[in-house]
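With positions in the sequence shown counted from 1, the corresponding number in the working numbering is that position plus 138. Heads up, the beta-carbon is just placed ideally off N, CA and C, and yes, glycines get one too. Note that this is a predicted model, so its numbers are computed, not measured. Remarks on the structure that follows.
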Amino acid sequence: MKFPTPYTLNQIATIIKAEYVGHDDFPVLGMNEIHVVEHGDIVFVDHPKYYDKALSCAASIVLINKKVDCPEGKALLISDDPFRDFNILTLFFKPFLKAQNNISSSAKIGRDTIVQPNCFIGNNVVIGDNCLIHSNVSIYDNCVIGNNVTIHSGSVLGSDAFYYKKRPEGYDKLISGGRVVIEDNVDIGALCTIDKGVTGDTTIKKGTKLDNQVQVGHDTVIGEKCLIASQTGIAGCVIIEDEVTLWGQVGVTSAATIGKNAMVSAQSGVSKSLKGGKKYFGSPAEEMREKLKELAYVKQIPFILKKLEK
């Protein structure tokens with residue numbers, strides 16, 4: 139998430155009432171999660187396991203819960219609760235805006251696009267030309283949809299990330315301030331759910347087709363001309379490269395990468411990154427030929443045991 143105008147370190151520290159290490163006028167350009175940070179961004183870290191990663195990443199400002207040596211060229215914001223203060227900043231720069239109409243007056247809808255009755259189109263949504271949005275679709279604030287996109291009934295674009303911190307009193311939600319971006323020639327089936335990014339974009343690229351009842355988690359990027367079959371669940375921060383096929387009921391774990399032209403067979407569980415150009419099957423998913431050999435060997439076990447008994 140980039141701020142509408144540059145802020146200073148002093149201004150940010152004032153918003154969250156935090157101490158800081160660095161010049162008062164140190165420039166702050168935005169805020170992002172660690173996997174998408176750029177120069178000028180704030181990143182937050184609240185666990186010693188990730189201190190080194192946060193302090194050495196591309197972010198220029200580290201929101202941290204311990205006084206540490208400040209890396210050269212960076213600044214620190216010292217907070218007793220970085221998770222809470224990251225939420226404060228998200229709400230400051232992306233406050234929730236109550237809807238006034240089913241189709242917001244700030245939404246931009248392109249030429250020859252059809253929006254069927256009972257749809258919700260939120261604030262600052264952009265929809266391109268020649269799209270078809272079927273009834274009962276909800277498109278939350280700030281989503282961007284390209285040209286020639288079809289979205290079937292009951293689908294929701296821009297719902298919050300499933301991201302929580304466990305506290306003694308219960309779970310504390312990380313507030314989502316990102317977007318959903320759908321590129322040209324994408325089809326989205328009925329009852330699909332696509333979560334917005336926490337601070338960045340959840341993106342579905344050109345020509346990809348989603349079947350009914352597909353879940354796409356926050357900050358995930360699905361490449362061009364992919365096929366995602368029904369009841370597939372994709373966690374947050376996943377990268378699916380171009381022309382990947384996921385058949386029905388595939389589950390993909392957070393932060394995995396599936397390489398170009400890979401195919402994952404139905405009911406497989408992707409628990410780690412997979413190389414492109416291969417076919418996968420099983421849970422955990424492995425190369426299909428090897429997995430099928432293993433299953434064939436397993437079927438021989440009763441026969442082998444009977445032979446041993448004799």
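Determine, using beta carbons only, whether residue i and residue j come nearer to each other than 8 Å.
| i | j | result |
| --- | --- | --- |
| D310 | F224 | no |
| T358 | I372 | yes |
| S297 | T331 | yes |
| G168 | K140 | yes |
| I326 | L348 | yes |
| D279 | V263 | yes |
| Y418 | S406 | yes |
| L270 | I252 | yes |
| Q387 | A400 | no |
| N170 | V159 | no |
Would you list the residues sitting across from residue i in a DSSP beta bridge?
| i | result |
| --- | --- |
| I153 | Paired residues: none, contrary to the question. |
| Q353 | T331, G371 |
| R222 | DSSP, once it has assigned bridges, lists no residue as partnering R222. |
| D298 | According to DSSP, which records beta bridges pairwise, D298 is partnered with nothing at all. |
| V318 | T340 |
| L201 | F182, L215 |
| T383 | L365, M401 |
| K413 | None, per the DSSP bridge assignment. |
| G407 | G389 |
If you count every other CB in all the chains shown that lies within 10 Å of the CB of residue i, and 16 or more means buried, which is it?
| i | result |
| --- | --- |
| E379 | buried |
| L215 | buried |
| I153 | exposed |
| S276 | buried |
| D162 | exposed |
| D333 | buried |
| V390 | buried |
| V200 | buried |
| E321 | buried |
| R317 | buried |
| I366 | buried |
| H272 | buried |
| V436 | exposed |
| Y449 | This structure cannot settle anything about residue 449, because the visible part of the chain is limited to 139 through 448. |
| Q351 | buried |
| Y301 | buried |
Along the beta strand (DSSP E) that carries residue i, what are the first and last residues, could you check?
| i | result |
| --- | --- |
| F419 | 417-419 |
| K187 | Unbroken run through K187: none, as it is neither H nor E. |
| D310 | 308-311 |
| M169 | 165-169 |
| T391 | T391 -> no beta strand (DSSP E), and no H or E assigned at all. |
| K232 | Careful: K232 lies outside any beta strand (DSSP E) and carries neither H nor E. |
| Y278 | Here Y278 belongs to no beta strand (DSSP E), and DSSP marks it neither H nor E. |
| T251 | Looking at the DSSP string, T251 is not in any beta strand (DSSP E), and its letter there is neither H nor E. |
Alpha helix (DSSP H) containing residue i: first to last residue?
| i | result |
| --- | --- |
| L430 | 426-437 |
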